[in-house]
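Undergrad:
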Amino acid sequence: MDPVIVVGAGPVGLTLALALARHSVPTVVLDEGPGKDEQRPARTAVLREDTTALVERLTAHSFGDVETGARWTGWRSMRRKQVMRELTFSDELPSPLHVPQHELTGALRAAIADERLVKIAVESKLDALEQDASGLTAHTRGLKDTWWRGSYLVGCDGPRSTVRKLLDVRFPGRTAVERHAVAALRTELPWPGQALLHRSPPWRGGGAEVTGRPLADGAWRIDWLLPPRGELVTPDVLVTRIRETLAGWCGGATPAYELLDTGVHTVHHRLARRWRVGRAFLAGDAAHLLGALGTHGLDEGLRDADNLAWKLALAWHHGPREALLDSYQAERRGAVSGRLRAADQALPALRGGKGLRAYVPGTARGQDALLMDGHVGNGQLGGPGRYADSPLAPESSDSVVAVDTELGGPVTDVGVTAPDGTFVRLRDRLGRGHLLVVLVAPGTVVWERRHWVTAGIMPRLAAAVTALPHPAELLVAEAYPGAAAHSVLLVRPDGHLVTALSGVRPAELYAAAEAALGEAALREGAGKGGAGGSGADSRSGSGPGSGPDSGPGEASGASPEHMSDSGSDAPTRASSNSPANAPSNAPTSGKRGPKKSGGSS
Numbered sequence: 052m053d054p055v056i057v058v059g060a061g062p063v064g065l066t067l068a069l070a071l072a073r074h075s076v077p078t079v080v081l082d083e084g085p086g087k088d089e090q091r092p093a094r095t096a097v098l099r100e101d102t103t104a105l106v107e108r109l110t111a112h113s114f115g116d117v118e119t120g121a122r123w124t125g126w127r128s129m130r131r132k133q134v135m136r137e138l139t140f141s142d143e144l145p146s147p148l149h150v151p152q153h154e155l156t157g158a159l160r161a162a163i164a165d166e167r168l169v170k171i172a173v174e175s176k177l178d179a180l181e182q183d184a185s186g187l188t189a190h191t192r193g194l195k196d197t198w199w200r201g202s203y204l205v206g207c208d209g210p211r212s213t214v215r216k217l218l219d220v221r222f223p224g225r226t227a228v229e230r231h232a233v234a235a236l237r238t239e240l241p242w243p244g245q246a247l248l249h250r251s252p253p254w255r256g257g258g259a260e261v262t263g264r265p266l267a268d269g270a271w272r273i274d275w276l277l278p279p280r281g282e283l284v285t286p287d288v289l290v291t292r293i294r295e296t297l298a299g300w301c302g303g304a305t306p307a308y309e310l311l312d313t314g315v316h317t318v319h320h321r322l323a324r325r326w327r328v329g330r331a332f333l334a335g336d337a338a339h340l341l342g343a344l345g346t347h348g349l350d351e352g353l354r355d356a357d358n359l360a361w362k363l364a365l366a367w368h369h370g371p372r373e374a375l376l377d378s379y380q381a382e383r384r385g386a387v388s389g390r391l392r393a394a395d396q397a398l399p400a401l402r403g404g405k406g407l408r409a410y411v412p413g414t415a416r417g418q419d420a421l422l423m424d425g426h427v428g429n430g431q432l433g434g435p436g437r438y439a440d441s442p443l444a445p446e447s448s449d450s451v452v453a454v455d456t457e458l459g460g461p462v463t464d465v466g467v468t469a470p471d472g473t474f475v476r477l478r479d480r481l482g483r484g485h486l487l488v489v490l491v492a493p494g495t496v497v498w499e500r501r502h503w504v505t506a507g508i509m510p511r512l513a514a515a516v517t518a519l520p521h522p523a524e525l526l527v528a529e530a531y532p533g534a535a536a537h538s539v540l541l542v543r544p545d546g547h548l549v550t551a552l553s554g555v556r557p558a559e560l561y562a563a564a565e566a567a568l569g570e571a572a573l574r575e576g577a578g579k580g581g582a583g584g585s586g587a588d589s590r591s592g593s594g595p596g597s598g599p600d601s602g603p604g605e606a607s608g609a610s611p612e613h614m615s616d617s618g619s620d621a622p623t624r625a626s627s628n629s630p631a632n633a634p635s636n637a638p639t640s641g642k643r644g645p646k647k648s649g650g651s652s
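Numbering (my numbering), first residue to last: 52 to 652.
(1) From the DSSP secondary-structure annotation, give me the bridge partner or partners of aspartate 183.
(2) Going by DSSP, what residues sit across from tyrosine 531 in a beta bridge?
(3) Proline 147 to leucine 560, Cα distance in whole Å?
(4) Take tyrosine 531 as the anchor and find which of Ala518, Ala551, Thr188 has the nearest alpha-carbon.
(5) Tell whether a beta-carbon distance below 9 Å holds between glycine 569 and leucine 443.
(6) Does DSSP classify isoleucine 42 as helix, strand or coil?
(7) From the DSSP output, which residues share a beta bridge with aspartate 274?
(8) Hey, leucine 236 and tryptophan 271 are a contact pair by Cβ (cut 8 Å); roughly how many whole angstroms apart?
(9) Report, in whole angstroms, the separation of the C-beta atoms of aspartate 395 and histidine 320, which I expect to be a contact under 8 Å.
(10) Please confirm whether histidine 149 and valine 97 have their CB atoms less than 9 Å apart.
(11) Pick helix, strand or coil for proline 653, following the three-state DSSP scheme.
(12) Strictly by DSSP, which residues pair up with alanine 246?
(13) Identify, in the order they occur along the chain, each residue of the same chain with its Cβ nearer than 7 Å to the Cβ of valine 549, setting aside the five sequence neighbours on each side.
(14) Under 8 Å by Cβ, that's how I've got threonine 313 and leucine 289 pegged, so tell me the actual separation to the nearest angstrom.
(15) Within 10 angstroms of the Cβ of serine 629, are there 16 or more other Cβ atoms? Answer buried if so, exposed if not.
(16) Can you tell me which of Arg556, Gly433, Glu529, Asp545 puts its alpha carbon nearest to the alpha carbon of leucine 519?
(17) Give the secondary structure of tryptophan 503 by DSSP, where H, G and I count as helix, E and B as strand, and everything else as coil.
(18) For the 8 Å Cβ check, are there 3 or more pairs between the stretch 210-222 and the stretch 249-268?
(19) Quick one: using the 10 Å Cβ neighbour count with 16 as the cut-off for buried, is alanine 558 buried or exposed?
(20) Tell me whether proline 62 sits in a helix, a strand or coil according to DSSP, three-state version.
(21) From the DSSP output, read off the bridge partner residues of glutamine 133.
(22) With a CB to CB cut of under 7 Å and the five nearest residues on each side skipped, what residues in its chain are close to alanine 356?
(23) If we call anything under 9 Å between Cβ atoms a contact, is glycine 352 one with histidine 339?
(24) Do you know offhand how far glycine 61's Cα is from threonine 156's?
(25) Kindly indicate the opening and closing residues of the beta strand (DSSP E) around glutamate 309.
(26) Are the beta-carbon atoms belonging to threonine 191 and serine 175 less than 9 Å from one another?
(27) Nearest CA to the CA of leucine 376: which residue from Gly546, Ala331, Arg221?
(28) At which residues does the beta strand (DSSP E) containing serine 553 begin and terminate?
(29) Could you compute how far the alpha carbon of valine 58 sits from the alpha carbon of methionine 129?
(30) Quick one: is lysine 195 near chain D, going by C-beta distance under 9 Å?
(31) In whole angstroms, what separates the C-alpha of arginine 280 from that of alanine 227?
(32) Please state whether DSSP places tryptophan 300 in a helix, a strand or coil.
(33) Exposed or buried, threonine 463, counting other C-beta atoms within 10 Å across all chains shown (16 or more means buried)?
(34) Looking at the structure shown, is glycine 602 part of a helix, part of a strand, or coil, going by DSSP?
(35) Start and end of the beta strand (DSSP E) containing glycine 206?
(36) Go ahead and pull the three-state DSSP assignment for arginine 215.
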């Protein structure tokens with residue numbers, strides 16, 4: 052079968068390619084650039100605990116050390132000279148990871164270099180795309196004009212996405228929601244390792260808000276919130292801001308510092324109307340733009356890749372599963388739209404600054420708490436999305452029990468006993484294509500495994516796991532937050548909780564596994580003469596023939612005068628005149644004409 056084509060070699064595209072390779076799916080990554088990443092210390096990513104674990108699992112590389120990234124020791128919110136909130140990170144409250152983006156992509160590229168199932172085609176810019184009943188044909192230009200044949204295609208090509216434009220998918224939302232001047236520098240501040248959000252700093256020229264976040268090796272990224280329009284940030288203006296801010300934080304004297312990088316970061320809020328058109332998908336910045344009030348767009352893009360990889364792998368290995376593939380848009384677009392909606396609802400209160408609301412007691416503290424949630428990954432603005440309303444959610448029953456993880460949410464990373472008897476972390480078993488069944492059995496740490504593996508409910512549960520409609524791994528946990536003894540948890544390959552049952556319930560466990568894999572809908576569709584879904588639309592996405600946009604309603608809540616149907620960047624040139632006799636084996640290269648053998652550019 053033809054490989055999956057991934058368009059874009061940023062962190063999301065590279066993560067998706069590696070995740071598919073772990074599921075034994077070959078991929079071709081079309082990289083518009085030369086295959087190297089510019090080192091920009093001021094361009095950083097903040098990742099939550101589970102997305103950090105995803106990247107570390109795929110790359111076999113540990114982030115957060117002295118050289119590559121920083122895990123903050125705490126968070127401090129200040130307003131003028133007053134400390135409003137303080138937070139200390141611990142094992143119970145893990146710190147986010149703050150890492151330069153080039154360090155992240157460098158680790159991903161290094162892992163791909165050793166992965167035989169992933170091919171990166173550099174200097175390959177997509178300019179045409181056509182779908183048919185059995186796959187897709189994509190054309191790239193660069194050092195060579197090349198035709199690529201794929202089973203599926205995923206556009207991870209950023210906010211100016213060529214894939215999105217070829218699919219004729221609208222990208223409505225708001226432009227320039229926030230603007231920040233950014234500097235990366237190396238210096239010593241009074242709170243080493245602790246991130247700081249300072250609102251209305253008291254020194255002259257402090258502006259409305261300054262954020263300081265530690266990086267590795269004594270470096271910091273500092274962001275100054277700018278007025279929405281009008282202020283031009285020249286090098287002299289930025290140096291003045293740096294000196295005044297460092298002096299304000301250090302008691303009046305500017306400490307020595309080394310300026311590493313600068314820039315201006317503009318935040319847009321946009322959400323693609325469709326994330327799937329036939330065999331083509333959108334992920335990352337090609338599908339959504341967010342980032343106001345401390346939210347993290349790259350973190351959401353990595354979740355897109357994690358959600359889509361195992362679903363594409365099932366379809367690639369076992370044939371199209373329309374309900375399963377459709378669930379990608381339903382789950383991920385729903386989660387991102389909820390975060391965009393929460394940010395847009397909070398923006399007037401947090402950025403307006405005037406009116407009666409500003410004089411209500413406790414308002415400032417509430418605003419600081421909301422902003423902190425966005426930055427550290429909690430609450431509506433920052434917490435990971437859950438898929439409770441997913442089309443893959445099983446029917447509820449009296450056997451379902453409550454645990455501290457809500458249904459559809461990411462599981463807690465507890466210690467478990469693997470089938471071979473080794474003690475591992477639960478997240479270490481994710482991304483292998485298997486379902487995970489976790490039995491909560493207190494006492495398993497005290498007793499030797501050979502005594503309990505054949506005792507009590509274990510043999511019956513093992514038989515039920517073996518009979519599931521998809522390979523599953525049985526794990527045993529000493530405890531799980533909020534779970535009673537003998538609770539049985541069913542976990543998806545991307546780490547989201549499907550259900551939690553009281554005791555061994557083979558029939559209900561089987562039904563929940565069927566629902567999570569989209570097989571219940573597949574069976575119902577077969578009984579009705581076949582299922583349609585988005586996958587039934589295999590027409591070319593490079594023109595009006597792709598049909599009307601569909602999907603959930605707008606999330607941003609922007610007024611009509613702020614809404615537009617495309618990004619602020621000019622559209623890129625696109626063509627859809629791919630040959631009817633495109634080769635069926637990917638990749639091939641050469642100009643239009645007889646099929647040639649060999650590699651590609």
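Beta carbons are placed, not taken as given, at the ideal position from N, Cα and C, and that holds for glycine.
TA: If we stick to the structure as given:
(1) For the purposes of this step, residue 183 is taken as the residue at position 132 of the sequence shown. For aspartate 183, which the question treats as bridged, DSSP gives the partners Gly186.
(2) By one-based count along the sequence shown, residue 531 stands at place 480. None; tyrosine 531 has no bridge partner.
(3) By one-based count along the sequence shown, residue 147 stands at place 96. By one-based count along the sequence shown, residue 560 stands at place 509. Approximately 34 Å, taken between the alpha carbons.
(4) What you label residue 531 is simply residue 480 of the sequence shown in a count that begins at 1. For the residues Ala518, Ala551, Thr188, the minimum Cα distance to tyrosine 531 belongs to Ala551.
(5) Along the sequence shown, one-based indexing puts residue 569 at 518. Along the sequence shown, one-based indexing puts residue 443 at 392. Yes, these two residues count as a Cβ contact at 9 Å.
(6) Residue 42 cannot be examined here, being either before or after the span of the chain that is shown, 52 to 652.
(7) What you label residue 274 is simply residue 223 of the sequence shown in a count that begins at 1. Paired residues: Val233, Thr262.
(8) Walking along the sequence shown from the start, residue 236 turns up at place 185. Walking along the sequence shown from the start, residue 271 turns up at place 220. That belief holds up - the Cβ atoms of leucine 236 and tryptophan 271 are roughly 6 Å apart, short of 8 Å.
(9) Numbered from 1 along the sequence shown, position 344 holds the residue referred to as residue 395. Numbered from 1 along the sequence shown, position 269 holds the residue referred to as residue 320. Contact flag correct, Cβ pair sits at about 7 Å.
(10) Stepping through the sequence shown from its first residue, residue 149 is reached at position 98. Stepping through the sequence shown from its first residue, residue 97 is reached at position 46. Contact flag set, yes.
(11) Nothing can be reported for residue 653: it is not among the residues displayed for the chain, which extend from 52 to 652.
(12) If you number the sequence shown from 1, residue 246 lands on position 195. DSSP lists Trp126 as partners of alanine 246.
(13) Counted from its first residue, the sequence shown places residue 549 at position 498. In chain order, Pro445, Leu541, Val542, Arg543, Ala563, Ala567 place their CB closer than 7 Å to the CB of valine 549, counting only its own chain and leaving out the 5 sequence neighbours on each side.
(14) Reading the sequence shown from its first residue, position 262 is the one you call residue 313. Reading the sequence shown from its first residue, position 238 is the one you call residue 289. That belief holds up - the Cβ atoms of threonine 313 and leucine 289 are roughly 6 Å apart, short of 8 Å.
(15) In the sequence shown, the residue the question calls residue 629 occupies position 578. Model confidence at serine 629 stands at a pLDDT of 36, short of 50, so the residue's coordinates are unreliable and nothing is read from them.
(16) Here the question's residue 519 lines up with position 468 in the sequence shown. Nearest of Arg556, Gly433, Glu529, Asp545 to leucine 519, Cα basis: Arg556.
(17) One-based indexing of the sequence shown puts residue 503 at position 452. Helix at tryptophan 503.
(18) no
(19) For the purposes of this step, residue 558 is taken as residue 507 along the sequence shown, with counting starting at 1. That one is exposed.
(20) Position 11 of the sequence shown, counting from 1, holds the residue named residue 62. Proline 62: helix per DSSP, three-state reduction.
(21) Sequence index remark: in the sequence shown, residue 133 carries index 82 (1-based). Arg130, per the DSSP bridge assignment.
(22) To locate residue 356, count along the sequence shown from 1; it is residue 305. Val63, Thr66, Leu67, Ala70, Ala334, listed in sequence order.
(23) Here residue 352 refers to the residue found at position 301 of the sequence shown. Here residue 339 refers to the residue found at position 288 of the sequence shown. Closer than 9 Å, so yes.
(24) Along the sequence shown, one-based indexing puts residue 61 at 10. Along the sequence shown, one-based indexing puts residue 156 at 105. Their Cα atoms are separated by approximately 7 Å.
(25) As a working mapping, residue 309 is identified with position 258 in the sequence shown. Its beta strand (DSSP E) spans residues 308-322.
(26) In the sequence shown, residue 191 corresponds to position 140, counting from 1. In the sequence shown, residue 175 corresponds to position 124, counting from 1. The answer is yes: Cβ separation under 9 Å.
(27) For the purposes of this step, residue 376 is taken as residue 325 along the sequence shown, with counting starting at 1. Comparing alpha-carbon positions, the option among Gly546, Ala331, Arg221 lying closest to leucine 376 turns out to be Ala331.
(28) The residue labelled residue 553 in the question sits at position 502 within the sequence shown. That run of the beta strand (DSSP E) goes 548-553.
(29) In the sequence shown, the residue the question calls residue 58 occupies position 7. In the sequence shown, the residue the question calls residue 129 occupies position 78. Roughly 42 Å between the two C-alpha positions.
(30) Any reference to chain D falls outside this structure, which holds one protein chain only.
(31) Locating residue 280 in the sequence shown gives position 229, counting from the first residue. Locating residue 227 in the sequence shown gives position 176, counting from the first residue. Answer to the nearest angstrom: the Cα atoms are 9 Å apart.
(32) Reading the sequence shown from its first residue, position 249 is the one you call residue 300. Helix.
(33) Position 412 of the sequence shown, counted from the first residue, corresponds to residue 463. By the 10 Å Cβ count, threonine 463 comes out buried.
(34) Taking the sequence shown and counting its residues from 1, one reaches residue 602 at position 551. Note on glycine 602: pLDDT 38, under 50, position unreliable in the model; the coordinate value appears next. Of the three classes helix, strand and coil, the one that applies to glycine 602 here is coil, per DSSP.
(35) Indexing the sequence shown from 1 puts residue 206 at position 155. 203-206 is the extent of the beta strand (DSSP E) around glycine 206.
(36) One-based indexing of the sequence shown puts residue 215 at position 164. Helix, per DSSP.
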